[in-house]
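Residue numbers (our numbering): 138 to 411. One structure below.
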Amino acid sequence: MIAIVTDSTAYLTHEEAVALGVVVVPMSYSFSDNQSFNEGCIEEDTRAEQEVAEHIDTVHTSQASLNGFINTFRLLKKAGYEILCLTISSRLSGTYANAVLAAKEVGNQRIEVVDSLTTCSGLYLLIREARMRIRSGAKLAAVAKEVAKLRERVRICFSVDDMAPLRRSGRLGSVRMSVSTVLNIKPILEIRDGAVVSAGLARGRLDQANKLCSFCKDAKGLILVDNFLGAEAAEKLPIKLAREDREIERRRIGPVLGAHLGRGCVGVAYIAEE
138 MIAIVTDSTA YLTHEEAVAL GVVVVPMSYS FSDNQSFNEG CIEEDTRAEQ
188 EVAEHIDTVH TSQASLNGFI NTFRLLKKAG YEILCLTISS RLSGTYANAV
238 LAAKEVGNQR IEVVDSLTTC SGLYLLIREA RMRIRSGAKL AAVAKEVAKL
288 RERVRICFSV DDMAPLRRSG RLGSVRMSVS TVLNIKPILE IRDGAVVSAG
338 LARGRLDQAN KLCSFCKDAK GLILVDNFLG AEAAEKLPIK LAREDREIER
388 RRIGPVLGAH LGRGCVGVAY IAEE
């Protein structure tokens with residue numbers, strides 16, 4: 138039996154976690170009063186998303202903890218499971234490093250830790266692919282190797298209304314720091330090689346939607362549309378993306394990533410063909 142362990146930025150629902158055999162190690166967020174909250178399954182965090190957006194200047198986030206991974210790995214190994222752990226990109230969080238240390242602490246046998254080099258819907262897509270391979274009978278080491286190769290084909294493109302949260306987060310790669318919303322200019326960003334990089338600029342919502350759709354021009358199969366309190370922008374994308382060879386699914390971003398992206402973030406994710 139192989140269990141999948143991930144962090145909460147995969148933004149699974151409880152139903153998805155059960156169906157995919159996933160145990161989630163939470164990230165956390167806090168406000169100026171220093172009270173910390175664990176990020177749960179995505180349907181549990183609706184109120185938290187609003188609170189994070191309202192206090193975006195004072196919210197802080199923390200990576201999935203070392204102890205969280207140690208306890209999870211020990212419980213699963215005691216129950217007889219082998220473990221595949223997929224985490225948010227190591228270039229965006231220290232979560233992967235904690236998972237690696239935890240695996241060493243409990244004994245590396247029967248544990249494979251993979252840096253997804255992505256997050257959010259990209260991470261979710263890799264989890265789905267990993268579970269499909271496990272169900273087809275693939276062994277733990279083979280699944281880990283295949284996922285590490287597959288991550289190179291994960292594509293994520295997104296846009297934010299305000300660059301300030303990302304600037305504060307320090308998680309920008311080669312992105313122009315001076316982009317402003319004064320002229321309704323919205324940055325188009327990608328996660329590439331595990332980091333956030335610039336992919337252009339859009340003027341207004343229509344151009345933003347067109348550029349996100351253009352990013353998916355070669356995509357077939359499942360395309361995921363993400364948003365953090367940006368439902369108005371996100372609801373138009375499935376119509377623009379619709380094609381006979383595509384399945385479009387809407388998903389939400391939770392409070393931890395939302396704290397770094399800000400209200401109105403919208404994006405798309407898919408796995409490119411070989």
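From the three backbone atoms N, C-alpha and C, an ideal C-beta is built for every residue, glycine too. It should be emphasised that the depicted structure is a prediction, and the values quoted were computed from it without experimental measurement.
For residue 305, the closest C-alpha among the options 178, 197, 157, 147 is that of 197. By the C-beta density criterion, residue 343 is exposed, having fewer than 16 other C-beta atoms within 10 angstroms. Around residue 280, the same chain offers 139, 221, 249, 267, 270, 271 as residues with beta carbons nearer than 8 angstroms, after the five sequence neighbours per side are excluded.
Contact between residue 349 and residue 405 holds, with the beta-carbon distance rounding to 5 angstroms and staying under 8 angstroms.
Per DSSP, the continuous beta strand (DSSP E) segment holding residue 140 begins and ends at 139-144.
Across the set 372, 142, 174, 205, the C-alpha of 372 shows the shortest separation from the C-alpha of residue 388. Three or more beta-carbon pairs separated by less than 8 angstroms are not found between the segment 164-180 and the segment 358-373, which leaves the two stretches without contact. Rounded to whole angstroms, the gap between the alpha carbons of residue 206 and residue 235 is 7 angstroms. By the C-beta criterion, the segment 369-386 is judged not to be in contact with the segment 140-153, since fewer than 3 inter-stretch pairs fall below 8 angstroms.
By the Cβ-count criterion, residue 273 is exposed, with fewer than 16 other Cβ atoms from all chains shown falling within 10 Å of its own Cβ. DSSP places residue 176 in no beta strand (DSSP E); its state is neither H nor E. Shown here, residue 323 sits in a strand according to DSSP, grouped into three states.
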